[in-house]
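The sequence shown begins at 2 in our numbering and counts up one residue at a time.
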Amino acid sequence: MSGPPVARLEDERYRAPVSESETVFDGKVWDVRRDRFELDGSTIVREYQEHPGAVAVLAEDDEGRILLIKQYRHPIGHRDWELPAGLLDIDGEAPDAAARRELAEEADLQASEWSPLCDFFSSPGGSSERITVYRARGLTPTAQPFDRTAEEAGIELRWVPRAEVVDAILDGRLRNAILVIAVLNVHSRASQARADRATVDRAGTAHART
2 MSGPPVARLE DERYRAPVSE SETVFDGKVW DVRRDRFELD GSTIVREYQE
52 HPGAVAVLAE DDEGRILLIK QYRHPIGHRD WELPAGLLDI DGEAPDAAAR
102 RELAEEADLQ ASEWSPLCDF FSSPGGSSER ITVYRARGLT PTAQPFDRTA
152 EEAGIELRWV PRAEVVDAIL DGRLRNAILV IAVLNVHSRA SQARADRATV
202 DRAGTAHART
């Protein structure tokens with residue numbers, strides 16, 4: 002006998018009733034907010050990073066290589082390999098427009114083909130940050146190079162075959178969360194597409210033999 006239908010596996014949107022909310026730290030880039038809310042009969046107080054959100058770009062050239070950038074990240078004490086990315090910190094700017102801007106500012110590139118790849122919450126227990134990653138292809142240089150400053154002034158760019166990036170992730174040599182999630186997403190989609198084509202080919206072969 003079959004059991005009751007199981008709901009589709011997905012996150013549930015829900016906001017607990019908030020009785021008090023205040024900014025306890027007003028920072029240069031983001032703030033810290035303290036909320037008092039009711040959940041399952043209890044009153045809970047939580048402090049979290051109030052984040053404007055961010056975008057990132059997985060850019061691929063005609064050879065299937067992925068553009069990586071290396072830059073200094075002070076909180077972790079590393080120059081880590083990343084995807085071009087940035088904050089949604091311009092009022093009224095759409096996420097896709099921000100992605101185009103970040104690709105130009107960090108890599109001096111523009112793209113003719115854009116598509117959403119994935120989006121996720123980077124640290125839902127302590128931050129409201131939501132990151133949207135776009136896939137960019139049909140790349141050409143921008144008309145003028147961007148004048149980068151601060152940590153971005155020392156950015157290093159490298160084009161890397163996707164398989165090499167996947168190997169470095171699985172080996173633990175690349176640990177940037179956006180990079181890991183986006184590259185494994187693309188890798189999984191490509192693997193599934195190959196599997197689907199193989200299934201169609203086998204079915205066609207079997208049909209031809211009958």
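Just so you know, even glycine gets a beta-carbon here, dropped at the ideal spot from N, CA and C. Predicted model only: the values in this text are computed from it and were never measured.
Taken in chain order, the complete beta strand (DSSP E) segments of 3 residues or longer contained in the stretch 63-128 are 66-74, 79-83, 86-88 and 110-122. Per DSSP, A169 is one residue of the alpha helix (DSSP H) stretching across R163 to L171. Per DSSP, the unbroken beta strand (DSSP E) holding R47 starts and ends at S43 to E51.
V56 is not a Cβ neighbour of P117, given a cutoff of 8 Å. In the DSSP secondary-structure assignment, R195 is not bridged to any residue.
Non-local beta-carbon contacts of T143 in its own chain, meaning distances under 6 Å to residues more than five positions away in sequence, involve A105, D109 and Q111 in chain order. Below 8 Å, enough C-beta pairs join the stretch 74-84 and the stretch 177-192 to call them touching: three or more. V181 and C119 have their C-alpha atoms spaced approximately 12 Å apart. Per DSSP, the beta bridge partners of S22 are D36. Looking at D90, S192, A194 and G173, the one whose alpha-carbon comes closest to that of R131 is D90.
Straight-line measurement puts the Cα of P53 at about 14 Å from the Cα of T24. DSSP places T150 outside both helix and strand once states are collapsed to three, so it counts as coil.
Restricting attention to R101, R34, S124 and F121, the CA atom closest to the CA of L140 is found in R101. The count of Cβ pairs closer than 8 Å, one atom from the stretch 58-70 and one from the stretch 158-166, reaches three, so the stretches are in contact. In the three-state reduction of the DSSP assignment, T200 falls in the helix class.
Within the same chain, Cβ atoms closer than 7 Å to the Cβ of L158 are found at L68, I70 and A108, the five residues on either side in sequence being excluded. Comparing alpha-carbon positions, the option among T44, E21 and D27 lying closest to D36 turns out to be E21. When the beta-carbon positions are compared, A137 and W115 come within less than 8 Å of each other.
Rounded to the nearest angstrom, the gap between the Cα atoms of I45 and P125 is 16 Å. One thing to note: E51 has its Cβ within 8 Å of the Cβ of R34. About 20 Å separates the CB atoms of G173 and Y73; that is not less than 8 Å, and the two are not in contact. Taking the C-beta atoms as reference points, L59 is found nearer than 8 Å to V187.
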